[in-house]
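In the numbering used here, the protein residues as written are 2 to 444. Where a beta carbon is used, it is the ideal one built from N, C-alpha and C, also for glycine.
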Amino acid sequence: MPSKPISDLKGTLDPTITEAHTATPDGLEADPSATVPSPGQKEGSSEEDLDSVCDGEMSSQQIKRTIGNGIMKLGLWFLENLKPTPEKPNLIISPLSLSVALSQLALGATNETEELLLHHLHADALPCYHTALSSLLRSFQKRSLSLASRIYLQSGFKAKQEFMEDSQKLYDSEPATLTDVKEINEWVKKATKGHISEFLSSLPPSTVMMLINAMHYKGEWLTRFDPQFTSTELFYIDENHFVNVDMMLGPKYPLSVFPHRELDAQVARFPFKGDRSLLVVMPTSGHVNVSAIAAKLNISDLYIRLPRERNMQVKLPKLKLDFNQELQEAMTSMGLGMLFSHPKLDRISESPLFVSGVQHMSSIEINEEGAEAAAATSVVISRSNPSFTVNQPFFFALMDDLSQTPFFLGVISNPNPGASIVVTNPGNSDKTDDKPFFEVHPK
């Protein structure tokens with residue numbers, strides 16, 4: 002009997018100061034939601050129950066950090082296997098959305114397929130992975146992150162009752178009849194607060210199930226940027242090419258920043274309200290490959306090394322970027338090719354199923370908005386004071402600080418891909434005031 006396709010995954014995230022959305026639909030022919038909990042495992046715990054989720058073997062903080070670390074590793078792995086192109090110079094993904102999607106798929110997997118998925122999710126570090134992830138997701142929802150999951154079933158296709166019950170219990174995945182693209186796109190649009198309106202263009206004819214998760218996050222800067230200081234400045238794609246961007250300015254911005262000598266980069270943390278932050282890693286030299294640096298990152302180490310905030314002049318480009326990518330090639334490179342050929346998804350159905358594809362869609366917007374709008378001042382900082390300017394390719398991570406979980410990761414090579422790229426004179430190597438400016442001066 003030929004295998005039947007399940008469907009797709011999707012997630013959207015959206016922060017105000019930083020808005021982000023992510024989706025993964027249109028290509029999964031066999032794509033469940035999370036793995037079956039082991040006997041004795043507690044279900045659907047709240048944040049307050051995290052200490053008892055793993056039978057007291059780990060503290061609540063250890064559980065959060067373990068899950069966050071696994072999600073970060075998965076996200077960096079994806080970034081390493083996704084390649085920018087001239088048409089798509091920027092990479093933006095939601096590791097949290099991808100982790101939820103693959104966890105849901107693992108819920109329906111058995112034998113080597115389940116082992117493979119849990120290995121890539123780094124779930125082997127936690128004896129109660131699904132229940133712990135479920136608890137963490139619920140805690141996120143209490144702090145400005147909206148999560149929604151849905152399982153679309155083709156009329157006439159019967160998924161196993163236990164899988165459906167576990168999906169709803171652990172991941173709040175509500176069942177719905179798979180009818181047409183319009184209905185799915187409407188659900189996605191609503192779940193992402195209108196930020197992703199055209200998630201699917203068509204349905205694969207053999208799709209019997211579609212797993213979709215959508216996320217929306219709206220963050221507010223702890224210290225906002227005043228729009229009156231935003232101006233057009235240069236962003237250096239490389240030493241011979243630049244583009245004009247809208248650059249936000251904080252004349253006296255409280256920033257935690259330090260030089261990472263092993264990576265030959267500078268690391269800065271821009272805090273949001275609610276224990277969230279934007280981490281920026283920018284090479285000290287414009288010749289360094291940002292993706293190569295991202296692959297070497299240890300986020301926990303960055304948090305440990307971040308110093309106390311200092312007031313300094315800060316410049317950060319405004320962003321409003323989208324990323325849409327079919328992930329089958331990247332996932333195959335990561336060792337997940339089995340999902341697209343002969344996976345064991347027996348907890349979903351006795352009929353042979355396979356994943357036809359994974360489409361991931363993300364968008365992010367970073368602007369001046371923040372919680373302390375009335376606190377904007379017109380203080381001018383002289384060049385002898387500390388300064389930090391992001392005007393060349395950089396890595397970013399939109400983080401939950403408490404669990405160190407990445408909601409979004411990305412490599413930004415061109416914040417304004419729709420604008421004309423200007424070619425500088427490659428023969429002129431003289432330093433000028435127009436060259437990339439990235440410095441942190443001691444007080």
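### Within 8 Å, strictly: CB atoms of S363 and S140
no
#### Entry: Nearest candidate by alpha-carbon position, reference D167, set Q142, S135 and F355
S135
### Query
What is the rounded straight-line gap between the Cα of L146 and the Cα of S404?
14 Å
### Query
Are at least three pairs of beta-carbons, each pair with one atom in the stretch 322 to 332 and one in the stretch 76 to 85, less than 8 Å apart?
yes
### Message
Taking its Cβ as the centre, do 16 or more other Cβ atoms sit within 10 Å of K65, making it buried, or is it exposed?
### Response
buried
### Query
CA-CA distance, E1 and K191?
Here the chain has residues from 2 to 444 only, and residue 1 is not among them.
### Query
Mind checking R262: buried by the 16 CB within 10 Å criterion, or exposed?
exposed
### K161 versus P255 - alpha carbon distance
53 Å
### Within 8 Å, strictly: CB atoms of I68 and L119
no
### Query
Does DSSP classify S61 as helix, strand or coil?
helix
### Query
In its own chain, which residues sit with a C-beta less than 7 Å from the C-beta of D173, not counting the 5 before and 5 after it?
S150
### Task
Any chance you could list the beta strand (DSSP E) runs of at least 3 consecutive residues sitting entirely within the stretch 290 to 341, in chain order?
311 to 318 and 320 to 327
### Query
Apart from the five residues on each side of it in sequence, which residues of its chain come closer than 7 Å, Cβ to Cβ, to S278?
R270, F271, P272, M400 and D402
### Task
Mind the definition here: the stretch 236 to 250 touches the stretch 313 to 322 only if three or more C-beta pairs lie below 8 Å; say whether that holds.
yes
### Query
Since V101 is in the alpha helix (DSSP H), which residue starts that stretch and which ends it?
P96 to L108
### Query
Alpha carbon to alpha carbon, what distance is there between L97 and T180?
27 Å
### Query
In chain order, what residues of the same chain lie with their CB nearer than 8 Å to the CB of T425, ignoring the 5 residues before and after it?
E240, N241, H242 and F243
### Query
If you measure from the CB of L235, is any heavy atom of the ligand NAD nearer than 7 Å?
The model depicted lacks the ligand NAD and carries no ligand whatsoever.
### S301, buried or exposed, once every other Cβ within 10 Å from all chains shown has been counted against 16
exposed
### Query
Nearest CA to the CA of H217: which residue from L83, P394, E366 and L340?
E366
### Query
From F158 to H361, what does the alpha carbon distance come to, in whole angstroms?
25 Å
### Query
At which residues does the beta strand (DSSP E) containing R270 begin and terminate?
A266 to F273
### Query
CB-CB under 6 Å to D276, same chain, minus the five flanking residues each way: which ones, in chain order?
D402 and L403
### Message
Using CA atoms only, rank isn't needed, just tell me which of F409, E115 and M248 is closest to L337.
### Response
E115
### Query
Thinking just about the alpha-carbon of each residue, which of L223, F341 and V391 is nearest to the one in Q267?
V391
### Task
Please confirm whether M335 and H121 have their CB atoms less than 8 Å apart.
yes
### Query
Would you call H343 buried or exposed, if buried means 16 or more other Cβ atoms sit within 10 Å of its Cβ?
exposed
### Query
Rounded to whole angstroms, how far is the Cβ of V189 from the Cβ of F200, which I believe are closer than 8 Å?
4 Å
### Query
Rounded to a whole number of angstroms, what is the C-alpha to C-alpha distance between D125 and L117?
11 Å
### Query
Can you give the Cα-Cα distance for A447 and F259, rounded to whole angstroms?
Outside the displayed span of the chain (2 to 444) sits residue 447, for which this structure offers no information.
### Query
Which residue's Cα is closest to the Cα of Q314: L354, L298, V291 and T224?
T224
### Task
Please name the residue, chosen from P407, N415, A293 and D347, that lies closest to L83 on a Cα-to-Cα basis.
A293
### Query
Which two residues bound the contiguous beta strand (DSSP E) that contains E175?
S174 to L179
### Message
Along the chain, where does the alpha helix (DSSP H) containing I185 start, and where does it finish?
### Response
V182 to A192
#### Entry: Neighbourhood of R144 by C-beta, 6 Å cutoff - its chain only, sequence neighbours within 5 removed
G275
### Task
Go ahead and label E221 buried or exposed: buried means 16 or more other beta carbons lie within 10 angstroms of its beta carbon, across all protein chains shown.
buried
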